[in-house]
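K.L.:
Following this message is one structure expressed as structure tokens.
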Amino acid sequence: MSLGNVPVLVLKEGTERQTGKNAQKNNIVAAVAIAEVVKTTLGPKGLDKLMVDGLGDVTITNDGATILDEMDVSHPTAKMMVQLAKSQDEKVGDGTTSCVILAGTLLKIAQEMLEQDIHPTVIIKGYRLALKKALENLNSIAMSIPGNDKEILKNLAMTSMNSKVVTGQKEHLASICVDAALQISEDRDGMKVADIKNIQIIKKEGKSISDTALIKGLIIDKEVVSPAMPKKITGAKIALIDAAMEVTKTEFDSEIRITNPDEMQAFLDEEEGMLQKIVSKIKEAGANVVFCQKGIDDLAQDFLAKEGIMAIRRVKKSDMAKLARATKARVINNIRDLSPSDIGNADAVEERKTGKDEMIYIEGCSDPKAVSILIRAGTEHVVDELDRALHDALCVVIDSIEEPKYIAGGGATEAELAKQVRKFKESYDGREQVAIELYADVLEVIPMTLAENGGLDPVDVIVELRSKHKEGNIWAGINLLTGKVEDMAALKVIQPKAVTEQALRAATEAACMILRIDDVIQATKLDGGGPGGMPDMDY
590 MSLGNVPVLV LKEGTERQTG KNAQKNNIVA AVAIAEVVKT TLGPKGLDKL
640 MVDGLGDVTI TNDGATILDE MDVSHPTAKM MVQLAKSQDE KVGDGTTSCV
690 ILAGTLLKIA QEMLEQDIHP TVIIKGYRLA LKKALENLNS IAMSIPGNDK
740 EILKNLAMTS MNSKVVTGQK EHLASICVDA ALQISEDRDG MKVADIKNIQ
790 IIKKEGKSIS DTALIKGLII DKEVVSPAMP KKITGAKIAL IDAAMEVTKT
840 EFDSEIRITN PDEMQAFLDE EEGMLQKIVS KIKEAGANVV FCQKGIDDLA
890 QDFLAKEGIM AIRRVKKSDM AKLARATKAR VINNIRDLSP SDIGNADAVE
940 ERKTGKDEMI YIEGCSDPKA VSILIRAGTE HVVDELDRAL HDALCVVIDS
990 IEEPKYIAGG GATEAELAKQ VRKFKESYDG REQVAIELYA DVLEVIPMTL
1040 AENGGLDPVD VIVELRSKHK EGNIWAGINL LTGKVEDMAA LKVIQPKAVT
1090 EQALRAATEA ACMILRIDDV IQATKLDGGG PGGMPDMDY
């Protein structure tokens, strides 16, 4: 800038700055480019992306969140779109692709309005009014799930897997997801709550997808510490110990002077006696299986083996918490405090070879609130994609347990909301009317993209969709198996209301945030980092 023909340097030399329409246009172009990347992956006919990272590791997927997470984007607005997908994935676990496509299309349409000299604040107000109306209608048309109906939950899980490579086994996998989610769900303050962290996923190559199974208990990726111990215990009584089963070392340095062999033997006998007391305490409590978060001394292992007790050491803290939820055992920090009331139960604990590794199976737990799903498939890439598919399906079922409402898929809901938003536009007076109408057009981008990815003519499909919805068929959507517009609720193509609601909210807020930016200031990158050895930052 200059003041009275005297240049004044405000920003550091080399800093890049874009202002006004230039900045807005560049931001919108970056956001739309991100949306275009994932657009072809939407729906059951969507295609996959092959991602190769800097180390040469390959990922093949059509999961929107995974694709964007693997992409190394540098543009700040593109990073915002990646964060949008992460936010959608963390909140509801599905709908990331739809969310990003909606945000990108909202910005693309906004660019056309900006070129007609419509102010960003007018566009933003119109978008927010349209969002409010869309969410009101979404709540009014959503259908309820009576008493955690297993059939509805299973159809919700199968719909989420329609676009995955595992679609051929979706019925088997959906049953596993429903059983797992219902098993870990709890009543809290009169509401159903299910935490996906209580579902442990174990991935092992080998066998087929049909061998994927739900374990009503847990699988611990460890081995029995001593070959002298039993490899299987039926009627297991389980102790969970967060303490070292070793001779306690003092916190300060000490010196012991031994002058003859008898004193040395007495010293060793005392250590042996301490370990014997630890094992006796475990035996007295009634435990025949011990999971220890820390180490187990070799001598203690020998005593445990002689008592017929199975022991597993160095178990992860997260696994200990799951074991407590599954077996009803209590994690003990001091072995001296162990009592029969702290012991958990399971029908059997067994060491089994799974793939190339030995693993501990804890099965037959009574009403476990933590369970395991063992994923099996022929190759590493299929195992990873199956993991992503199960994650989405589990999240969909959990969303529906916590908020038992669902809507139809196949673009039916978006088409109905678009119809209602257009009606709302006619009742609203103001310049925002243009943005409200275009918001309705953006909602139709979901069925339009589904049609494009399915090899159909999107214009013909949208015309037929509008006609069906005008006649009052609110669940008319695209059946990509037949290429026709049909009742998706009748075809059991359904999805949780929470997923669509979050996608609409997040996409609209992200678009509004990006539209409010009219100045982008980017600092220069310094090879040696910033002043004082601190790394430089991009803005």
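Residues 590 to 1128 in my numbering are what the sequence shown lists, from first letter to last. Ideal Cβ placement from N, Cα and C applies to all residues, glycine included. All of these numbers come straight from a predicted model, not from anything done at the bench.
What number of angstroms, rounded off, separates the C-alpha of Ser961 from the C-alpha of Val986?
P.N.:
16 Å
K.L.:
Among the candidates Ala1092, Ile949, Ser676, Leu888, whose CA atom is the shortest distance from the CA of Val878?
P.N.:
Ile949
K.L.:
Does the count of Cβ pairs from the stretch 681-691 and the stretch 1089-1096 closer than 8 Å reach three?
P.N.:
yes
K.L.:
Please say whether Lys872 and Glu896 have beta carbons closer to each other than 8 Å?
P.N.:
yes
K.L.:
Give the DSSP-derived three-state secondary structure of Gly824 in the structure shown.
P.N.:
Of the three classes helix, strand and coil, the one that applies to Gly824 here is strand, per DSSP.
K.L.:
Can you tell which of Glu947, Ile951, Gly944 has its C-alpha closest to the C-alpha of Phe880?
P.N.:
For the residues Glu947, Ile951, Gly944, the minimum Cα distance to Phe880 belongs to Ile951.
K.L.:
Can at least three beta-carbon pairs, one atom from the stretch 762-771 and one from the stretch 933-940, be found at a separation below 8 Å?
P.N.:
no
K.L.:
Please look up how many angstroms separate the CB atoms of Ile1067 and Pro1036, rounded, as I've assumed it's under 8 Å.
P.N.:
6 Å
K.L.:
Can you round the beta-carbon distance between Ile649 and Val626 to whole angstroms, since I take them to be within the 8 Å contact cut?
P.N.:
With a Cβ gap of about 15 Å, Ile649 and Val626 do not count as contacting.
K.L.:
When DSSP labels each residue in this structure, what does Cys954 get in the three-state scheme?
P.N.:
coil
K.L.:
Assuming Gln890 and Ser815 make a contact with CB atoms under 8 Å, what is their CB distance in whole Å?
P.N.:
Indeed, because the Cβ distance is near 4 Å, the residues count as touching under 8 Å.
K.L.:
Helix or strand or just coil, what does DSSP make of Asp738?
P.N.:
coil
K.L.:
Can you round the beta-carbon distance between Asp898 and Ile830 to whole angstroms, since I take them to be within the 8 Å contact cut?
P.N.:
As written in the sequence, residue 898 is Ile, which differs from the Asp given in the question. No, Ile898 and Ile830 are not in contact; Cβ-Cβ is about 12 Å, not under 8 Å.
K.L.:
In this structure, does DSSP put Pro1085 in helix, strand or coil?
P.N.:
strand
K.L.:
Rounded to a whole number of angstroms, what is the C-alpha to C-alpha distance between Pro665 and Tyr1028?
P.N.:
25 Å
K.L.:
Based on DSSP bridge pairs, tell me the residues matched to Ile1066.
P.N.:
Looking at the sequence provided, one finds Gly at residue 1066 rather than Ile. Its beta-bridge partners are Glu1075.
K.L.:
Go through its chain and collect everything with a Cβ distance to Gln882's Cβ below 6 Å, but skip five positions before and after it.
P.N.:
Asp831, Val904, Met909
K.L.:
Arg941 by DSSP, collapsed to three states: which one?
P.N.:
strand
K.L.:
Cβ atoms of Leu727 and Lys1086: under 8 Å apart, would you say?
P.N.:
yes
K.L.:
For the alpha helix (DSSP H) that contains Arg1055, what are its first and last residues?
P.N.:
Residues 1047-1059.
K.L.:
Could you check whether Pro993 and Ser733 sit closer than 8 Å to each other, using their CB atoms as the reference points?
P.N.:
yes
K.L.:
Just to check my reading of the structure: Val1050 and Ala1040 have Cβ atoms closer than 8 Å, yes? What is that Cβ distance to the nearest angstrom?
P.N.:
4 Å
K.L.:
Terminal residues of the continuous alpha helix (DSSP H) containing Arg925?
P.N.:
Per DSSP, Arg925 belongs to no alpha helix (DSSP H) and is neither H nor E.
K.L.:
Quick one, are the C-beta atoms of Asn1042 and Thr629 less than 8 Å apart?
P.N.:
Yes, the pair counts as a contact, with Cβ atoms nearer than the cut-off.
K.L.:
Spatial neighbours of Lys722 within its chain, please: C-beta separation below 6 Å, excluding the five flanking residues on both sides.
P.N.:
Cβ within range, chain order: Val1010, Phe1013.
K.L.:
Apart from the five residues on each side of it in sequence, which residues of its chain come closer than 8 Å, Cβ to Cβ, to Ala1059?
P.N.:
Going by the sequence as given, residue 1059 is Lys instead of Ala. Counting only Cβ-Cβ distances below 8 Å, and skipping sequence neighbours, we find Lys1008.
K.L.:
From Leu636 to Asp776, what distance separates their C-alpha atoms?
P.N.:
40 Å
K.L.:
Just mark Lys821 as buried or exposed, buried being the case when its beta carbon has 16 or more other beta carbons within 10 Å.
P.N.:
exposed
K.L.:
Per DSSP, Arg777 is paired with what?
P.N.:
Met780
K.L.:
What residues match up with Thr685 in a beta bridge as DSSP calls it?
P.N.:
Paired residue(s): none; Thr685 is not in a bridge.
K.L.:
Quick one: using the 10 Å Cβ neighbour count with 16 as the cut-off for buried, is Gly1044 buried or exposed?
P.N.:
exposed
K.L.:
Measuring CB atoms only, is the stretch 993-1004 touching the stretch 700-720, in the sense that at least three cross pairs come out at less than 8 Å?
P.N.:
By the Cβ test, the stretch 993-1004 is not in contact with the stretch 700-720, since fewer than three Cβ pairs between them sit closer than 8 Å.
K.L.:
Exposed or buried, what is Ala746 when buried is set at 16 or more other beta-carbons lying within 10 Å of its beta-carbon?
P.N.:
If you draw a 10 Å sphere on the C-beta of Ala746, you find 16 or more other C-beta atoms in it, and that means buried.
K.L.:
Please report the straight-line C-alpha distance between Glu659 and Met640, rounded to a whole angstrom.
P.N.:
7 Å
K.L.:
With H, G and I counted as helix, E and B as strand and the rest as coil, what does DSSP make of Gly933?
P.N.:
Three-state DSSP puts Gly933 in a strand.
K.L.:
If you measure between the beta carbons of Ile809 and Ile867, is that distance less than 8 Å?
P.N.:
no
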